[in-house]
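Shown next, in structure tokens, is the structure this report addresses.
Numbering (the numbering used here), first residue to last: 90 to 526.
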């Protein structure tokens, strides 16, 4: 999870000897089009690069993956306040995350990128995230044709992730069906001038597909989190006054994220709330939306110890982080996939209760910042909550460690400053760029 043990320096604004033109390719993140919008990895990378004087173009989709709605009704360009250019390409949209329509949407956007990019001046370097592998593959092919360095930033081990969700006896046939997809990711990673990843496990996965050993150009950069000031604006407090008043004197269990049939299915929190219904000194706060939200609310009907606050912007999330006592990272199966929510909890000095394996489990145990429970084990989750509620000394120790871990390892301001400098280093190695400072 730490950035490969590398030295990290905070973001500084400066003018380089020669600014780079950097293309970022990522279609699954929310765009920071409005004040208070949550910024995820690509937005934070864009900010760091722009702060260092570079021209940034973010290729993305006109469709919002989270709300399943259109941000733009046609291909569109939008320039953000910091000069980052958004190039939104319109696909066909989709209603389900796992569907043929989503597959076709991504293919269409990739083909549009191929067409539109051909009419533009070549950038100095490309950073393409995967998923989606379609767009990353097009980016790597373009970079090869134009002799432009390309970095592949691995967020999920796609398409292998599909194999993990089916019985072993079916994995062989599925690999045959997805033969072109596996070949695509292999070609993409072999063309990469550098491989970045959000976990060590995923970096090693990428290197196996690339068919080479790790080099200095390959780095682990945690997702991290951009901490905001304490949320005390009257408008935010007034909006959630009833919840704040109700939870001022309780031990607050907080979840923020998508409520869907994904690997971080939070439905177990409904069962934990029901199991602890008699404890009026413990309250569950659920932030987010998704396809399972109506079902989760039905399961919690009649419970007074759980509150659903809906989808929140960054400032509203901070309001509840400031009032939470523990943050939950629920996984519905054994998985090493990363989760943004862990770093948001750490930013507020909140201990984590998590069922994730891999890098997050190792980090929790090594840094003493939370507790682990097995996936789908509601009894173990409930016991962990009660343990932190009753053992004040333990809770205080984990809280101190959580805040210290965030400051030293998971602060997005420092992570992405280092990320931006390494983009410059790779550009320099291939293009002779000399604006490093």
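Heads up, the beta-carbon is just placed ideally off N, CA and C, and yes, glycines get one too.
Extent of the continuous alpha helix (DSSP H) to which residue i belongs
i: residue 453; result: 447-456
i: residue 292; result: 289-299
i: residue 490; result: 481-494
i: residue 133; result: 130-140
i: residue 429; result: 429-436
i: residue 120; result: Taken as a continuous stretch (DSSP letters only), residue 120 belongs to no alpha helix (DSSP H), as it is neither H nor E.
i: residue 405; result: 403-410
Cβ-heavy atom distance, residue i to the ligand NAD, below 7 Å
i: residue 501; result: In terms of ligand content, the structure shown is empty, and the ligand NAD therefore cannot be addressed.
Exposure label - residue i; buried when at least 16 CB within 10 Å
i: residue 123; result: exposed
i: residue 139; result: buried
i: residue 379; result: buried
i: residue 482; result: exposed
i: residue 507; result: buried
i: residue 179; result: buried
i: residue 268; result: exposed
i: residue 216; result: buried
i: residue 171; result: exposed
i: residue 296; result: buried
i: residue 222; result: buried
i: residue 235; result: exposed
i: residue 341; result: buried
Beta-ladder partner(s) of residue i, from DSSP
i: residue 500; result: 314
i: residue 461; result: 443
i: residue 309; result: 286
i: residue 397; result: 375
Residue i versus the options, residue with shortest Cα-Cα distance
i: residue 415; options: 121, 492 and 217; result: 492
i: residue 516; options: 212, 121, 188 and 170; result: 212
i: residue 396; options: 513, 329, 504 and 207; result: 329
i: residue 450; options: 417, 259 and 280; result: 417
i: residue 231; options: 485, 507 and 112; result: 112
i: residue 432; options: 422, 307, 120 and 129; result: 129
i: residue 285; options: 362, 168 and 308; result: 308
i: residue 155; options: 388, 133, 117 and 131; result: 117
i: residue 109; options: 136, 127, 120 and 143; result: 143
i: residue 447; options: 291, 126, 465 and 114; result: 291
i: residue 127; options: 293, 368 and 317; result: 317
i: residue 181; options: 170, 199 and 166; result: 199
i: residue 119; options: 340, 511 and 347; result: 347
i: residue 301; options: 288, 282, 315 and 313; result: 282
i: residue 394; options: 382, 183, 362 and 158; result: 362
i: residue 244; options: 287, 224 and 250; result: 287
i: residue 452; options: 289, 191 and 279; result: 289
Neighbour flag for residue i against chain B, beta carbons, 8 Å
i: residue 311; result: Given the protein chain composition of this structure (a single chain), no chain B is represented.
The beta strand (DSSP E) enclosing residue i, as first and last residue numbers
i: residue 218; result: 214-219
i: residue 110; result: 110-114
i: residue 211; result: Per DSSP, residue 211 belongs to no beta strand (DSSP E) and is neither H nor E.
i: residue 423; result: Looking at the DSSP string, residue 423 is not in any beta strand (DSSP E), and its letter there is neither H nor E.
i: residue 416; result: 415-418
| said: To test your reading of the DSSP string, which unbroken beta strand (DSSP E) runs of 3 or more residues are found completely within the stretch 145-188? | reply: Segments of the beta strand (DSSP E) lying fully in the stretch 145-188: 165-168 and 174-178.
| said: Which complete alpha helix (DSSP H) runs does the stretch 328-395 hold, if anything under 4 residues is left out? | reply: Counting only runs of 4 or more residues that sit fully inside the stretch 328-395, the alpha helix (DSSP H) segments are 330-336, 357-364 and 382-388, in chain order.
| said: Just to confirm the assignment: which complete beta strand (DSSP E) runs, minimum length 3, are found wholly within the stretch 228-277? | reply: The qualifying runs are 239-243.
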